[in-house]
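Going by numbering that gives the first Met the number 0, the residue at position 657 of the sequence shown is 656; the numbering climbs one at a time, nothing skipped.
We put the beta carbon where it would ideally sit given N, CA and C, even for glycine.
Okay, so here's the structure we're looking at.
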Amino acid sequence: MNVNQSAPPVPPFGQPQPVYPGYHQSSYGGQPGSTAPPTSYGAYNGPVPGYQQTPPPGVSRAPPSSEAPPASTAQAPCGQAAYGQFGQGDVQNGPSSTVQMQRFPGSQPFGSVPLAPVVSQPAVLQPFGPPPTSAQVTAQLAGMQISGAVAPALPPVGLGYALPPGSQMTGPPGPPPPMHSSQQPGYQLQQNGSFGPARGPQPNYGSPYPGASTFGSQPGPPQPLPPKRLDPDAIPSPQLNELPPQQKTRHRIDPDAIPSPIQVIEDDRNNRGSEPFVTGVRGQVPPLVTTNFLVKDQGNASPRYIRCTSYNIPCTSDMAKQAQVPLAAVIKPLARLPPEEASPYVVDHGESGPLRCNRCKAYMCPFMQFIEGGRRFQCCFCSCINDVPPQYFQHLDHTGKRVDAYDRPELSLGSYEFLATVDYCKNNKFPSPPAFIFMIDVSYNAIRSGLVRLLCEELKSLLDFLPREGGAEESAIRVGFVTYNKVLHFYNVKSSLAQPQMMVVSDVADMFVPLLDGFLVNVSESRAVITSLLDQIPEMFADTRETETVFAPVIQAGMEALKAAECAGKLFLFHTSLPIAEAPGKLKNRDDRKLINTDKEKTLFQPQTGAYQTLAKECVAQGCCVDLFLFPNQYVDVATLSVVPQLTGGSVYKYACFQVENDQERFLSDLRRDVQKVVGFDAVMRVRTSTGIRAVDFFGAFYMSNTTDVELAGLDGDKTVTVEFKHDDRLNEESGALLQCALLYTSCAGQRRLRIHNLALNCCTQLADLYRNCETDTLINYMAKFAYRGVLNSPVKTVRDTLITQCAQILACYRKNCASPSSAGQLILPECMKLLPVYLNCVLKSDVLQPGAEVTTDDRAYVRQLVTSMDVAETNVFFYPRLLPLTKSPIESATEPPAVRASEERLSNGDIYLLENGLNLFLWVGASVQQGVVQSLFSVSSFSQITSGLSVLPVLDNPLSKKVRGLIDSLRAQRSRYMKLIVVKQEDKLEMLFKHFLVEDKSLSGGASYVDFLCHMHKEIRQLLS
C-alpha cells in the first residue's frame, strides 16, 4: 500500500470525533541524525595509542630496535588522520564511493535470508549488512576489527578486518597488493570477511561466505603520494594539521568502514518507509524515528505514543542483569498525529464510567480475556476474574472473541479515550475550563530591549488563536494579565469597563490577589478593554528606571488567582533578570566556572533554594502549569528558575541577549506555538504492567508525590515521560509482557478524560532475541536522560564513566553470548546496535557532560532540563545533527537532499551545507562556492561580501533561493521549537561554533572523535571479556 493513499476507514465507533484545531502534525519522522554539542574524554585526550594486542599465532614480536617495526606490530594511533597514505588525496564528500555499512541489499526488516547456509539453524529474523572489507581498509586498520554480527550460529556479519602481518613500514607506503592474490605474504581473507590464519571448518558455519571477497575499489599499482591539498575541494581535517610529521603516515581507520548513521537511516527509509506499520502483531520493532511511515492501529499503541528500548524482554532478571540493556519506554501520551491518522476515539460509557479490573484497576483493553460465554473477563495484567456488568455484556464468537470487538475501540485498538465520570474529578465536581495568565516583566531591561512593546502587540492578535475543542466557535479558555518588577500590577479587564483598571500589590512577602471579578475574562467579551490595556502597558512603563525583579511571588500570585477561580491553567512568564529584589525566592549570583570538573560541579545544576520546589508542589496541586520565557543578558540561574516549569510539566524558552531585530521571529514563533498547542491540564498518569515487571523509575517534566503516580499540572503534545521497568518475577515466553499507560486529564474545554495506550511485548529466554529487537535511538534517549539526571547528584566524570561501562557491558555480553567465535581483535556489534558507540559518544561530548570554554552554566542547565522531556526523534537529531549538502542535488528536485555524516571531512569548500539539530540551524558556505550560487542565494557578487552571522536569507526570485528557503521552512515545521538561522562562512570566527556540531570529529573541549571512541569502546569490551 502506498503511504500517500488515504488509510482505509477505521470501523465506525458511532460518535463524532474531536478534531484538534491547529493540531497539525509536524511529521516527526523523516529526519536523520541527532546532535551532541562536543565535550572531553577523560582517559584519551590526545591521539589514542592503539592498544597492544597479542600477535597472531606464528608472528613473533620483533625485539626492540631502532628500525621501524613490522606493520603487524606497529601500533598505530587509533584515530590518526593519514590521508594520502594510500593515495586518498581527494577528500570524499557525501556518501563515499567505497562501500559504507549497508544492510544486505535484499534485506526486509524481518525475516531476511541468512547470508550463508546455516547448519540446522532456523532463519535468523534480522536485517544485516555485508562485510565491507576493502583491502585498503585492512591495511589501515591498526589491529582492530569491527563486525556487525548476528545470532550465534552465523559468522560475524558486517565489518570484520584486521591488519595483515608482514610488510615492513619503510619509505612512503603505497597501496597494498590485492588481498586475494596468491603472492600475498599475509593471511588469506576468511569467510567472515576478516584476515587471519586460515581455520578449519567451524562447527556452525556452512559453506564459505558466498559474497564478493572484497568490497570497495581495489587499489591499482602503487602510486606516489599525492601532494598535499592537490584537490581544491579537499579540506584537511584538523587532526591532520595537528599531527607531528612522523605520525602522518601511520595506519588510520577508514571512516567509511565504520557504521554510518546516515546509511542506517537511509536503509531503514528504503526498506520500511513505503508500507504502513500495522500494530496488530506483538513485539514488532517499529521503523526508525527518522523514517516517514503511516501507522495503522490494530491493537497496540502507535510508536508515536510509545517507543521501547527493546521489544523483546528477557524472561528473568538474571538475564536482564547479564545483558545490562535498560528496559524502558518513552511515552508521549498526547503526541500529535499526522493528518492521515485518526485521533484516538472517545468512548462514553455514561454514568457507569469505564470498565476496569477490580483488583489492579487496569482499564478494559484488547488483551482482556472474556470467559464463561462473555459473562466474566480475566484481567491480562493481574489475572483476576471479574464480572461483566449487564449493560456491557455481549456474546462470544467461536474463537472466544466478543462479537462486538471491532465496534468497540477499547476492544480492538491500542489507543483510545474514555470520558471520565465525576468520580475522576477533584472534590467530586466537574472542572471549569482552564485559564491562561500572561505575566510580563516590565523592568528596565525588558522595556529597553523592546520586548514589552513587541509582546503586547503580538498578544492582540494571538488571543484569537487560543486552543479550542472540536468544532467550537471560540476557545473556552479565559485570560488574565499581570505586569511586575519589584511589585505586581493586576489588571481588571471586565467587559463592562471603558478602560482597564490597575491594582498594585507591593507586599510581595504575603502575596494575595486583589480582585476576582474582572481578572479572568472571556477574550471576545472583553476584546476592547484588553486591546486598550495592551496599548497602554508599553507607554505606562516607558520611563521606568526599576532594574530589580521578583520571581517566586509572581508564580504565587498566578497560582492564587487560579485557586480563587477554581480552575486549572497555565502561567506564561516573560522574565529578564536574576530576581535579586527582597522577596521570597530571592537569588544571588553563584555562577562559578571554577567548579567545572570538581566534585562540587553538581551544585551548578541544583536549585539554590528549596523554596521553588515547595512552590512547584503547590502549583501541581492546583493544576497550575508554568511556561517560562527568559531573556537574559547575563547569568539568571536557569537551574533554579526552571524548577517550577520542570515540576509542573511546563516549558522553558531562552533568548540570550535578546534583540528585537535578530530574535523577534524566533520568539514570536515559539510563543504562537506555545499558546496555540493543545494541552491537558491537572493530569495524573499511571503505567501498569503485567505480572513479572513493574515501573520503577521515571524521567521527565512532572512531579511525583508517591512511587506510582506521575502528576502533571500541564502536559502538551511535545512532552514525553520515560519509564524504566525492572523484573519482580519470571516472565512467560507464551504470554509476553503488557504495558498500559493511563492519563487522566482536563481538556482545553474543561472536559475530564482518560487517554489509554496499550502495548504488548515479547519475552525471550535467548539473549540473541533481546539484541535482535532493540531500538538504539530509544536506548540513547533513555541513557541521555539517565545521565542528565545523574549530574544532579554525582560528579560529571562518574556519570560519564557509568555510561561508558554500561555500553561496554551491553556489547561485551553480546560478543560473549551471541556472536560466533572469532579473534579477540575483532569488534563485533549487534546489527541493531551498531550505532550505539557513535550516538553514545555524542551524548558524552554534549555540553552538559563535557562543556567547552564558551558554554555558560545557564546554557548547561537549560539543555539539561530540555533533554529531560524530549521524545526519541528530538534526541536523535539533537545528539547527531543532520548535515545536508545543498548544491549536490538537482535544483528542480522537490525532495530533501540526502544527508552526509557530521564530520569536517565531509565538507567540500565548493559547496553549501545546512546543519540542524532541532534547536540550531546553520548555513555553512565554502570559500570556493561558485559565484552564481552566491549571487542566487545572497544577492551579492562574491564570497567575501556575504555577511557572516546573517540570520535571514534575502527573498529572491530564482530556483535555488526558493529551494533553500523552502527547505529551511520545512525543517522548522518538523521541530517543536523555532530554529534561528546563522550563516557561517568557511574560516570565519563563527566556524568554531558550527564545528562544535560536527560530532564525528574530535571536539575542542576534549571529546573523542567517533573513530577514537570506537577504539576506546573496543578496548573496554576486551578488558571485560578477558
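As assigned by DSSP and simplified to three states, the class of residue i
i      : result
GLY869 : This sequence places Met at residue 869; Gly is not what is there. In this structure, MET869 counts as coil in the three-state DSSP scheme.
PHE369 : strand
PRO254 : helix
LYS984 : strand
GLU456 : helix
LEU302 : First, the amino acid is wrong: residue 302 is Pro here, not Leu. Coil at PRO302, not helix or strand.
GLN658 : coil
PRO884 : strand
LEU743 : strand
GLU915 : strand
GLY449 : coil
ALA327 : strand
THR721 : strand
ILE312 : strand
ILE890 : coil
Beta-carbon contacts of residue i that lie in its chain and below 6 Å, excluding the five residues immediately before and after
i      : result
LEU730 : CYS314, GLY691, ALA736, CYS762
VAL678 : GLY713, ASP715
GLU873 : GLY917
LEU572 : MET438, LEU627
LEU778 : THR308
Contact set for residue i: own chain, Cβ-Cβ below 8 Å, skip 5 residues either direction
i      : result
SER531 : GLN498, PRO499
LEU594 : GLU600, THR602, LEU603
SER940 : GLN930, VAL933, GLN934
VAL659 : SER448, GLY449, LEU450, LEU453
ASP534 : CYS455
Distance cut-off 7 Å: residue i Cβ against heavy atoms of the ligand SAH
i      : result
ALA582 : No copy of the ligand SAH appears in this structure; indeed no ligand is present at all.
Burial state of residue i (16 or more Cβ within 10 Å)
i       : result
PHE605  : The displayed chain sequence assigns Gln, not Phe, to residue 605. Counting Cβ neighbours within 10 Å, GLN605 comes out exposed, since fewer than 16 surround it.
PHE628  : buried
ALA852  : exposed
ARG905  : buried
ALA1007 : buried
ASN596  : exposed
SER523  : exposed
MET991  : exposed
SER975  : buried
GLY649  : buried
THR745  : buried
ASN444  : buried
VAL324  : buried
HIS397  : exposed
ALA475  : buried
ARG592  : exposed
THR707  : exposed
ALA972  : exposed
Sequence-distant residues of the same chain with beta carbon closer than 7 Å to residue i, five excluded per side
i      : result
GLU565 : SER431
ASP858 : ASP846
PRO513 : PHE489, MET502, VAL504
THR775 : CYS831, MET832, LEU834, LEU835, TYR838
Whole-number beta carbon distance between residue j and residue i, since they are thought to touch under 8 Å
i      : j      : result
MET558 : GLU468 : Between GLU468 and MET558 the Cβ distance is about 24 Å, and since that is not below 8 Å, they are no contact.
LEU766 : LEU753 : No, LEU766 and LEU753 are not in contact; Cβ-Cβ is about 38 Å, not under 8 Å.
ARG771 : CYS831 : 7 Å
LEU920 : LYS979 : 7 Å
SER902 : LEU989 : Their Cβ separation, rounded to whole angstroms, is 19 Å, which puts SER902 and LEU989 out of contact at 8 Å.
SER927 : ASN908 : 5 Å
CYS740 : PHE680 : Actually they do not touch by this definition, with Cβ atoms about 18 Å apart.
message: Does the contact criterion of 3 or more C-beta pairs under 8 Å hold for the segment 786-793 versus the segment 294-312?
response: Flag = no, the segment 786-793 and the segment 294-312 do not touch.
message: Under 8 Å: do the segment 370-380 and the segment 408-415 share three or more Cβ pairs, one atom per stretch?
response: Counting Cβ pairs under 8 Å, fewer than three are found: no touch.
contact_flag[the segment 480-488, the segment 544-563] where n(CB pairs < 8 Å) is 3 or more: The segment 480-488 makes contact with the segment 544-563; the number of CB pairs closer than 8 Å reaches 3 or more.
query: Are there three or more Cβ pairs, one per stretch, closer than 8 Å when the segment 353-360 is compared with the segment 374-393?
result: Yes, they touch.
task: Determine contact between the segment 720-734 and the segment 284-299, defined as no fewer than three beta-carbon pairs at a distance below 8 Å.
output: Using a Cβ-Cβ distance cut-off of 8 Å, the segment 720-734 and the segment 284-299 are not in contact, since fewer than three pairs of beta carbons, one from each stretch, lie closer than that value.
- request: Would you check if the segment 666-682 and the segment 631-638 touch, i.e. whether three or more CB-CB distances between them fall below 8 Å?
  value: Verdict: no, contact absent.
- prompt: Do the segment 304-311 and the segment 875-883 touch if we need at least three Cβ pairs shorter than 8 Å?
  reply: In short, these stretches do not touch, since the Cβ pair count stays below three.
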